[in-house]
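Numbering (UniProt numbering), first residue to last: 1 to 105.
We treat Cβ as the ideally placed atom computed from N, Cα and C, and that holds for glycine.
The structure presented is a predicted model; accordingly, all values stated were derived computationally and were not measured.
These notes are about the structure you will find just below.
Laid out in structure tokens, this is it:
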């Protein structure tokens with residue numbers, strides 16, 4: 001199942017839960033939700049704070065937050081530069097605490 005999910009578009013959480021119950025993969029389409037040109041800039045402030053605490057990019061924290069939703073969740077971030085691909089790959093190495101996940105929502 002592929003559907004939009006990001007800090008801006010969280011309304012598919014029920015679908016993520018359902019796919020887990022059914023043993024299906026969930027692919028986050030537009031997982032970064034346009035954080036470079038967000039609808040509401042403040043929506044990404046918590047992600048920026050956690051990124052600063054970890055010493056990583058906001059992008060890595062957003063992707064790690066999505067991946068933490070379950071082993072069945074995958075992300076498809078778009079990119080135009082090799083550096084961005086490498087940065088995205090490192091999101092899998094970021095471990096967010098339960099407190100951080102709760103803070104991010």
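*asked:* Could you tell me which whole alpha helix (DSSP H) segments of length 4 or greater appear in the UniProt domain "NADP-dependent oxidoreductase" (2-103)?
replied: 13-22, 45-54, 58-67, 82-89
*Alpha carbon to alpha carbon, how far is residue 16 from residue 102?*
Walking along the chain shown from the start, residue 16 turns up at place 16. Walking along the chain shown from the start, residue 102 turns up at place 102. One C-alpha to the other measures close to 17 Å.
*Classify residue 13 as buried or exposed, calling it buried when 16 or more other Cβ atoms lie within 10 Å of its own Cβ.*
Here residue 13 refers to the residue found at position 13 of the chain shown. Exposed, because fewer than 16 other Cβ atoms sit within 10 Å of the Cβ of residue 13.
*Is the number of C-beta pairs between the stretch 25-33 and the stretch 45-56 that are closer than 8 Å three or more?*
no
*Would you call residue 18 buried or exposed, if buried means 16 or more other Cβ atoms sit within 10 Å of its Cβ?*
For this step, residue 18 is matched to residue 18 along the chain shown. Residue 18 is exposed by the Cβ-count criterion.
*Hey, how far is the Cα of residue 2 from the Cα of residue 31?*
For the purposes of this step, residue 2 is taken as residue 2 along the chain shown, with counting starting at 1. For the purposes of this step, residue 31 is taken as residue 31 along the chain shown, with counting starting at 1. Spanning the two alpha carbons is a distance of roughly 11 Å.
*Write down the C-beta distance between residue 94 and residue 59 rounded to the nearest angstrom, noting that I regard them as a contact closer than 8 Å.*
Residue numbering aside, residue 94 sits at position 94 when the chain shown is read from its first letter. Residue numbering aside, residue 59 sits at position 59 when the chain shown is read from its first letter. At roughly 10 Å, the Cβ-Cβ gap does not stay under 8 Å, so residue 94 and residue 59 are not in contact.
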